[in-house]
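Enquirer:
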Amino acid sequence: MWAQIHLFIFSFDMKRFLIYAFIIVVPILTGIGIVNYVVDPAHVLNKQMQRFIADGIGQGYSITNLINQDERIFKRNVAEVYSKDTIDYLILGPSQIMTITSPVDSITVLNLGVSACRIQDYLAFYEICKEYGIHYVNVLVAIDPSLFNEEFVDVRWKSNSQYYYRFKNRKDEIKIVDDFEKLFSVSYFQEAIKSLQSSEPQMEPCYTKETENINSTYDCFGSLTYGETYREMAQSKTDSLASNELHGSFANYNSLSMSTQKDFELLFDSLRITGANIYIVESPYHPMLYDRLMESKGFCQAVEYIEQFAVTNNIRLCGTYNPSDAGLKNESFYDGAHMKKEIANEFLFRRVFHNNQDMINNFESALRE
Amino acid sequence: MLFTSYRFLLFFTSLFVLYWIFGRKSVKVQNGLLLVFSYLFYGIAEWRMLPLLIVATIVFYWLGIKIDKSNNIHSRKIFTHIGVLLGIGVLLYFKYFNFFIESFAYFFDTIGIHTNIHTFNILMPLGVSYFTFKLISYVLEVERWKMEATKNFVDFAVYVSFFPTIMAGPIDRPNKFIPQLQSPRVFSIESGIDGGQQIIWGLFKKVLIADNLSPIIDGVWENMSNYSGSTLVFALFLYTIQMYADFSGYSDMAIGVSKLLGIRIAKNFNYPFFATNIKEFWQRWHISLTGWLTDYVFTPLHIRFRDLGNFGMILAIIINMVLVGMWHGANWTYAVFGLYQGLLFIPIILKGKMHKKQKLQTTILGLPKFVDICKMFGVVCLYAIGIILFRAENLGQSWEMIRGICNLSIFSLPQILTHKVQWLLSVFFILVITEWYNRDREYAIQPLSYSLKSIIPYILIDYILLFFVIFKGNVGANSFIYFQF
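First to last, the sequence lines map onto chains A and B. Per my numbering, the very first residue in the first sequence carries number 22; after that it's consecutive. Per my numbering, the very first residue in the second sequence carries number -16; after that it's consecutive.
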């Protein structure tokens, strides 16, 4: 065999070709790797920053200036803080519910919502909670209908890929590929270069007791408060965002992904085993965006599927995608998909449980206390 | 697994090392590895359809042998017809079944008969349009005595499932591909560097041009009512550029990867923007598909209709082009796109220029003459108009686009003429110029010699291209346009 390998490497043509490939590939990969490791704009490779953030959350602080921070790793750190605790409400889902927080101190909420949440994220966070021994009484699973769109590819879930693969009982070797991809990621390299070129001083993550700051802030429950620019956006800008927001996750959405449906069912099977009360949450869209979404075949199919799934599996369904059913207007939104923080919280804790007297009673009594 | 991902790099490097270490002198090992890795590649993308690919391969392998062994023409034809019908059947079932059901239901609804027909959730196998065409081509070539049926199943299976081409072509012909598998491939520095260069060139076109244009064009198509007529027209041209950069970029990478394994596959593009009429354009664009349809559809039809003179040829061309359109997907937009392209051939046929080859003359600077530049631009314009149908989700959306274009706002400045678009257009302009001066080569940066001295400038070019890819490319997980077909 060694003779074969020797022949392979040292045959005249192969030797020259390997030199050619080496000259092209190695300096480029090395350059990318070094820049990514040294600059590390989202602190993906720097574990110390993650520790710093987790400590702050553990002490009950909010964290602001998490610019470029990998949201999924951050949420994992937040979850770690709640290891072995019992949580009243665990929240999983997309950015629409990231602003949901605890209404009163006596109710604990763990918000593990992330932007562009894919099915892999749900499964990964389920696995993370399992690993950290987090118990939850209620679990709110918010679902964006674009979840089942196979045409929409977003690979951010890979930040927690090891947990997803663990859930799927796949081998850990894939983690090595993921780590390699992170270190040599070209998109991360571009971010690193941008942060180096930026003339503005770098804002480092810091602890705060305030929830409303210049930049986005996460409280100790993992709930997001948007930064100043977003909070104070003019209504015309909001409406314009809503009317232009369709492309992306809903593009070419004509049928529901079979594999996502399978994983989706698997998620609820697993959640049922935990004994928690399960709720599926539908978060309303901006009226202008909703009108356009109704023209999307995939969107309508997905909504029908989600609602049918809830009925068939006897899962409580909270909320609606339709803003007029929820009594919401254009002014209730930051953009096409995101309700204002106070409205989102009001909507979830007061309106969506209107059919569930027990929950309202719990909530009201907690407020009285 | 996209060619532009690290996973593919890892996948391919593993194959490359095993292939050239253990398969250097053994055809069986080389072909066995190709087959295993091809099935692995397909299985990673869509494991549920792997059995279909394997069963189809077994059936057509058997049919090939049956055709070859048949002593009389009648039984040869019967087995061939079975093969062709099976191939078309697979394609019709997986790709067009729901389309026909929906069309029938719509038709009955329009004449007042309410139907209660449901469509089925049929999963379309990846690359079905490509591998069925390969399979059909195989039985036809054997039946026409252009090749002997291969007795080696592995060779045949590699031909059908060859991983660089299974997702989006080029559609290889068996008589060109299978003979290459019958002797051991020997690594040469020429094919190694040639392949490497072609991959880099494809990567540059795909990641820098196509992927950067993609979100801009998507934005316009999804919200066309918000844009002026001039912007919509401009977006059509940009989409033509995106399609070329995406598909030819993919093809270059597929060809380059194959060259690294010592295999030559069919060419798919031959500088289509230098065509001076639409006939020439289609001879240079997606060559492996148009060539396939020319051989198996247009030529037989043309012979059948020859008594009808020009009308016969027009009819044959229109049928052929409608099929080119329909091949892309189950949608009336593709059929009308094909019809439109077919109609553009009529003036050429009537002028008797169908079989004439036009040689381009150049100026002192080596550039094309002004008249030819105008003709080239005219061809691109004609193609871009057709793009309205190609890109639209349905005929209604095409009509909406046309209405959006045909108003006074067409005289305004395009709203998407941003710095980024201007920059991308400049890059594309440099690309076209580079391609023009090197149009006698297979691709624009193909080295002419592979000695150490002559390779150094190409390595510098590679660095420049990769520099742009890394710093300016849109490196998100963007799939290739032609994967959907």
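Just so it is clear, CB atoms sit at the ideal spot from N, CA and C, and this is done for glycine as well. In this text the structure is predicted, and so the values were computed from the model without any measurement.
(1) Using a threshold of 8 Å, state whether the C-beta atoms of B/Gly232 and B/Lys189 are closer than that.
(2) Could you tell me the distance, in whole angstroms, from the CA atom of B/Ala228 to the CA atom of A/Phe73?
(3) Cβ of A/Phe210 within 8 Å of Cβ of A/Asn67?
(4) At which residue ranges does the region 234 to 288 of chain B contain complete alpha helix (DSSP H) runs of 4 or more residues, listed in the order of the chain?
(5) Under 8 Å between C-beta atoms, does B/Leu448 make it to chain A?
(6) Do A/Ile88 and A/Asn236 come within 8 Å of each other at the CB atom, strictly closer than that value?
(7) For A/Glu202, go through chain B and note every residue whose CB falls closer than 9 Å to its CB, in chain order.
(8) For A/Ala42, go through chain B and note every residue whose CB falls closer than 7 Å to its CB, in chain order.
(9) B/Ile444 to B/Asn195, Cα distance in whole Å?
(10) Classify A/Met279 as buried or exposed, calling it buried when 16 or more other Cβ atoms lie within 10 Å of its own Cβ.
(11) What runs of the alpha helix (DSSP H), each 4 residues or longer, lie entirely inside the region 107 to 163 of chain B?
(12) If the criterion is Cβ atoms closer than 8 Å, does the pair A/Val158 and A/Leu113 meet it?
(13) How about B/Leu276 and B/Val319: do their beta carbons lie closer than 8 Å?
(14) Is it buried or exposed, B/Glu263, if we count other Cβ atoms within 10 angstroms and call 16 or more buried?
(15) On the premise that B/Met(-16) lies in contact with B/Ile27, defined as a C-beta separation below 8 Å, what is that separation, rounded to the nearest angstrom?
(16) How would you write the range of the alpha helix (DSSP H) that A/Ala323 sits in, first residue to last?
(17) Quick one: is A/Ser208 near chain B, going by C-beta distance under 8 Å?
(18) At a Cβ threshold of 8 Å, is A/Arg37 touching chain B?
(19) With 8 Å as the threshold, decide whether the Cβ of B/Gly483 is near any Cβ in chain A.
(20) Output needed in chain order: residues of the region 115 to 148 of chain A with a Cβ under 7 Å from some Cβ in chain B.
(21) Would you kindly report the start and end of the unbroken beta strand (DSSP E) that includes A/Tyr300?
(22) Return the chain-ordered list of same chain residues with a C-beta closer than 6 Å to the C-beta of B/Leu298, the five sequence neighbours on each side being excluded.
(23) Answer yes if the region 9 to 20 of chain B comes into contact with the region 229 to 246 of chain A, meaning at least three C-beta pairs across the two stretches below 8 Å, and no otherwise.
(24) Which residue from B/Thr259, B/Pro397, B/Phe116 and B/Cys389 puts its Cα closest to that of B/Lys340?
(25) For a cutoff of 8 Å on Cβ pairs, would you count A/Asp34 as touching chain B?
(26) So which residues of chain B does A/Gln211 contact, with C-beta pairs closer than 8 Å?
(27) Pull up the distance between the alpha-carbon of B/Phe116 and that of B/Gly325, whole angstroms please.
(28) Taking a cut of 8 Å between CB atoms, which residues from the region 141 to 172 of chain B lie near chain A?
(29) Tell me, which residues are paired with A/Ser83 by DSSP?
(30) Please determine if the region 294 to 314 of chain A and the region 345 to 355 of chain A are in contact, where contact requires at least 3 C-beta pairs separated by less than 8 Å.
(31) Ordered along the chain, which non-local residues of its own chain (more than five positions away) have a Cβ less than 7 Å from that of B/Thr(-13)?
(32) From the DSSP secondary-structure annotation, give me the bridge partner or partners of B/Val38.
(33) What does DSSP give as the partner residues of B/Pro351 in its beta bridges?
(34) Using only alpha-carbon positions, find the residue among B/Ile71, B/Leu118, B/Arg31 and B/Gly245 that is nearest to B/Leu109.
(35) Find out if the Cβ-Cβ distance for the pair B/Gly369, B/Tyr323 is shorter than 8 Å.
(36) Measuring CB atoms only, is the region 79 to 95 of chain A touching the region 314 to 332 of chain A, in the sense that at least three cross pairs come out at less than 8 Å?
Expert: The answer reads as follows:
(1) For B/Gly232 and B/Lys189, yes; Cβs fall inside 8 Å.
(2) 45 Å
(3) no
(4) 261 to 267, 270 to 276 and 282 to 287
(5) no
(6) yes
(7) For A/Glu202, the chain B residues whose C-beta falls within less than 9 Å of its own C-beta are Ser(-12), Tyr(-11) and Arg(-10), listed in chain order.
(8) Gly179
(9) Here the C-alpha atom of B/Ile444 lies approximately 21 Å from the C-alpha atom of B/Asn195.
(10) That one is exposed.
(11) 111 to 126, 136 to 144, 146 to 149 and 157 to 160
(12) no
(13) Against a cut-off of 8 Å, the Cβ pair of B/Val319 and B/Leu276 comes out as no contact.
(14) buried
(15) 6 Å
(16) Lys318 to Thr333
(17) yes
(18) yes
(19) Here chain B covers residues -16 to 468 and nothing more, so residue 483 of chain B does not appear.
(20) none
(21) Asn298 to Glu303
(22) Excluding residues within five positions, the ones whose Cβ falls inside 6 Å are Phe288.
(23) no
(24) Measuring from the Cα of B/Lys340, the nearest candidate turns out to be B/Thr259.
(25) Cβ-Cβ to chain B under 8 Å: yes for A/Asp34.
(26) Under the 8 Å cutoff, chain B gives Ile453, Phe454 and Val458.
(27) 21 Å
(28) Phe170, Ser171 and Ile172
(29) A/Thr229
(30) yes
(31) Leu186, Lys189 and Val190
(32) None, per the DSSP bridge assignment.
(33) B/Thr345
(34) B/Arg31
(35) yes
(36) Flag = no, the region 79 to 95 of chain A and the region 314 to 332 of chain A do not touch.
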